[in-house]
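*Asks:* Just dropping this structure here.
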Amino acid sequence: MNKNERRAAAFFIVLSMAVIYYSVTKLSLGSVQEPGPGFFPFVCGAGILLLCLIWFAMNPKVDTCSAPLWEKGVWVAPVIAMVIITLYTFGLDILGYCTSTFLFLVAWQLGIVREKWVKTGVIAIVGTAAMYLLFGYLLGIPVPEGLLI
Amino acid sequence: MDVFQGLLSGFSIALQGNNILFCLLGSVLGTAVGVLPGLGPAATISLLLPVVYMMNSPAASIIFLAGIFYGAMYGGSTTSILLRLPGEAASVVSTFDGYQMAQKGRAGAALGIAAIGSFIAGTLGVIGLTFVAPPLADFALKFGAPEYFALMLIGLLLAVFLSGGSPLKGSIMLLLGILLSNVGIDPISGKERFTFGIVELTNGFDFVTLAMGLFGLSEVFITLEESAAAEFVTKKIGRLWPTIADFAESKWAIVRGSIIGFFAGVIPGGGSVVASLVSYALEKKVSKHPETFGQGNICGLAGPESANNGASSSSFIPLLTLGIPCNASIAMIFAALMVQGITPGPFLISEHPDVFWGVIASMYLGNVILLILNLPMVGLWVQLLKVPFGILGPVIVMFTVIGCYSINNDTFNVFAFIAFGIIGYILRKLCFDPGPMIMSFILAPLIENSLRQSLLMSAGNFSIFFSRPISGTLMAVFVLIIIGQIYVGIKNRKKPNTCVVEE
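Residue numbers (this note's numbering), protein chains in the order written: chain X, 1 to 149; chain V, 1001 to 1503.
Here it is in structure tokens:
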């Protein structure tokens, strides 16, 4: 059990205790004859807690030889992608589908792929038009509308 | 309706113009998915679930998704052989001898025997499915709530123990999946659970959002970490048909692989990966020249390739007859059936014979399509690898975002999808397999209902699970599996921890 696994197990213990507390206090456990809405979550919470305790008991020492979770710098691209996708989602309601999709593609090409400006512009324009045609016209999906298009 | 009548009616459905088109489309997409490293069948099916919402025909939608699933098994071998780059988890074993054959200038023969073995095993698997599924569905009609509870318990447990990763981590994922499915209104009492006053959560999390986040988006994040630079070992593929000597050498490996694949596919958690590994180990054991394995032995390629395709066909048996998905990809197909208002299980064959027999018949057709797609067009598939992830990544994101948005026409599901994507990414970095979470999420309402019904039937007496013959036997198997796993766990305690997260 390495450091990260210990942290994960500790997180799951806290989560399971919160679930048990919520099931007992906010939901009704009911009886064995007639289980209430809290019965099943309580059993799951207790199960996770038990499994994490077994995990700790079976691996009392920290494994210091294990590889780090992320090699140097490899987390940068996924984190940038997470931020870009979140901003894209906010943009859908505010700016509208086409504008936010165009900006999303520009941000992806410049922030992650490190593409040149001209190629970025072409990809963003062609990509936005293709997606709008596919979803808005061919598949007939109501695309988000915002202040712009 | 007997088997032959059913099959005939199935072919009349599968051979309709739109169904042939969806079968072809699914097979093409599946092959592409198999060829492209990183994007597995479970992720792709999850990405395409919103499309199923818009399809009016349940048979066509399942024919389409099934095509992707078994098509990926065919396509996965191409990059394993030519680039030592497995397109999906079940093709890892094919790199051992397939790549060595390619290095020795026998890439065409390797691709040929992989496609032919896949075709034979896939077709034998569908024949098995045709004849085993109806009697099994008849038998399952005897099941009541306690039997279903016991069966689902075993299914989930096997999915955790046989997936190859840590059983402890798998069990935690399984319970987390059940907890996530508890979010929303309790169907029996009507009380809200874990909604915290958020109106959008009263109906719970949408399966599509969860599946696309945990599999699709997390896959994008994982791929962004890696540079998928691969070099071709062979510029020229050469003659595709294996020689008579190749056939003679590998014929029994194909037969053994087909049988192993069929049985491994039926077991929950077994699936294609286990089938290919078992087949490789068996071929090495029965070979007169085990020292040549890993150096381009054709049996080391033919056996596992046949096994993973046999497993992909037979894994439909528990889904179509018992309503139990035995791996993450099949869980997605389970969800697609539910989206279409069809509950998979023993009543499927009598209530929706068009779907049951149509899907089975389409699998015969799909195997022929895949043989044609994979042999002469192999060069075309390899070209797919030239599409940069800088283009493919944002396209996947745009598809999934609009797919989540279209569920309720609001951005709540998109934000939930992003959250599940980040959670899936972190879980995979920590070697937690999200597969059991998806399976338990989808089975949780059925498990909860069957548990509550059983306890109501027995006035709270848990002995109902042990006193009835079928559920008693199943519970005995359940207890034996747990005891066996504890024994294995204690025995292997000193071994180093390995990370296996498969599709």
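All C-beta atoms in this analysis are idealised placements derived from N, C-alpha and C, irrespective of residue type, glycine included.
1. So within the stretch 1137-1220 of chain V, which uninterrupted alpha helix (DSSP H) runs reach at least 4 residues, ignoring any that extend past its ends?
2. What separation, rounded to the nearest whole angstrom, lies between the Cα atoms of THR128 of chain X and THR99 of chain X?
3. Can you list the residues of chain V that CYS98 of chain X reaches, using a CB-CB cut of under 9 Å?
4. PHE1119 of chain V to PHE1139 of chain V, Cα distance in whole Å?
5. Is it the case that the Cβ atoms of LEU156 of chain X and GLY146 of chain X are separated by a distance below 8 Å?
6. Under a three-way DSSP split, which group does PRO35 of chain X fall into?
7. For GLY30 of chain X, which beta-bridge partners are listed by DSSP?
8. Hey, how far is the Cα of THR1234 of chain V from the Cα of TRP1381 of chain V?
9. Spatial neighbours of ILE1062 of chain V within its chain, please: CB distance less than 7 Å, with the 5 preceding and 5 following residues excluded, ordered by chain position.
10. Counting only the same chain and skipping the five closest in sequence on each side, list residues whose C-beta sits under 6 Å from that of ASN1492 of chain V.
11. So which of V:GLY1076, V:GLY1435, V:SER1467, V:SER1362 has the shortest CA-CA distance to LEU1008 of chain V?
12. Using a Cβ cut-off of 9 Å, pull out every chain V residue sitting near GLU5 of chain X, in sequence order please.
13. Secondary structure at MET1516 of chain V, three-state DSSP: helix, strand or coil?
14. In terms of residues, what are the limits of the alpha helix (DSSP H) holding VAL24 of chain X?
15. Quick one: what does DSSP say ASN1492 of chain V is sitting in, helix, strand or coil?
16. Which residue's Cα is closest to the Cα of THR1400 of chain V: V:ALA1159, V:PHE1221, V:MET1212?
17. Cα-Cα, which of V:ILE1222, V:SER1467, V:LEU1217 is closest to GLY1421 of chain V?
18. Only counting the same chain, and skipping five residues up and downstream in sequence, which positions put a Cβ closer than 6 Å to that of GLY1125 of chain V?
19. Give the residues from the stretch 1459-1484 of chain V that approach chain X closer than 9 Å (Cβ to any Cβ), ordered along the chain.
20. In chain order, what residues of the same chain have a beta carbon less than 6 Å from the beta carbon of ALA1229 of chain V, not counting five sequence neighbours either side?
21. On the three-pair Cβ rule with 8 Å, is the stretch 1027-1034 of chain V touching the stretch 1321-1330 of chain V?
22. Give the residues of chain X in contact with ILE1422 of chain V, contact being defined as C-beta atoms less than 7 Å apart.
23. Over the uninterrupted alpha helix (DSSP H) stretch that includes ALA1089 of chain V, give me the two end residues.
24. Determine the extent of the alpha helix (DSSP H) in which TRP1252 of chain V is found, giving its start and end residues.
25. Which residue from V:LEU1049, V:PHE1347, V:SER1450 puts its Cα closest to that of LEU1065 of chain V?
26. Go through its chain and collect everything with a Cβ distance to LEU1282 of chain V's Cβ below 8 Å, but skip five positions before and after it.
27. Among residues of its own chain, excluding the 5 on either side of ILE1349 of chain V, which ones have a beta-carbon nearer than 7 Å to its beta-carbon?
28. Select from the stretch 1204-1216 of chain V all residues with a C-beta closer than 7 Å to any C-beta belonging to chain X, and list them in chain order.
29. In this structure, does DSSP put VAL1513 of chain V in helix, strand or coil?
30. By alpha-carbon positions, which one of V:CYS1023, V:MET1073, V:ILE1045 ends up nearest to GLY1271 of chain V?
31. SER981 of chain V and ILE1298 of chain V look like a contact to me (Cβ under 8 Å); what is the Cβ gap, rounded to whole Å?
32. Is MET1377 of chain V helix, strand or coil when you go by DSSP?
33. DSSP three-state call for THR1234 of chain V: helix, strand or coil?
34. Using 8 Å as the Cβ pair cut-off and three pairs as the minimum, do the stretch 37-53 of chain X and the stretch 1162-1179 of chain V touch?
35. For LEU69 of chain X and chain V, any beta-carbon pair shorter than 8 Å?
*Replies:* In terms of the structure at hand:
1. The stretch 1137-1220 of chain V contains these whole alpha helix (DSSP H) runs: 1145-1162, 1167-1181, 1207-1211.
2. 8 Å
3. Here the premise fails: no neighbours, minimum Cβ distance about 12 Å.
4. 30 Å
5. Outside the modelled stretch of chain X, which goes from 1 to 149, sits residue 156 of chain X, for which no answer is possible.
6. strand
7. X:PRO35
8. Bear in mind that the predicted position of THR1234 of chain V carries a pLDDT of just 49, short of 50, making it too unreliable to give a figure here.
9. ILE1333, ALA1336, LEU1337, VAL1355, VAL1359
10. none
11. V:SER1362
12. LYS1169, LEU1430, CYS1431, ASN1497
13. Past the boundaries of the shown model lies residue 1516 of chain V; chain V is included only from 1001 to 1503, so the question cannot be answered.
14. 3-25
15. coil
16. V:MET1212
17. V:LEU1217
18. PHE1262, GLY1310, SER1313, SER1314
19. ALA1459, GLY1460, ASN1461, PHE1462
20. Its pLDDT being 40, under 50, ALA1229 of chain V is placed unreliably in this model, and the value from its coordinates should be taken loosely. Counting only Cβ-Cβ distances below 6 Å, and skipping sequence neighbours, we find nothing.
21. no
22. MET82
23. Element bounds for ALA1089 of chain V: n/a, residue is neither H nor E.
24. 1244-1266
25. Residue V:LEU1049 is the option with its Cα nearest to LEU1065 of chain V.
26. For LEU1282 of chain V, where only same-chain residues beyond five positions count, the Cβ hits under 8 Å are ARG1256, ILE1260, GLY1303.
27. PRO1134, ALA1137, PHE1356
28. none
29. Outside the modelled stretch of chain V, which goes from 1001 to 1503, sits residue 1513 of chain V, for which no answer is possible.
30. V:MET1073
31. A query on residue 981 of chain V cannot be resolved here, the shown segment of chain V reaching from 1001 to 1503 and no further.
32. coil
33. At THR1234 of chain V the pLDDT is 49, less than 50, meaning the model places this residue with poor confidence; the figure from the coordinates comes in the next sentence. THR1234 of chain V falls in the coil class under three-state DSSP.
34. yes
35. yes
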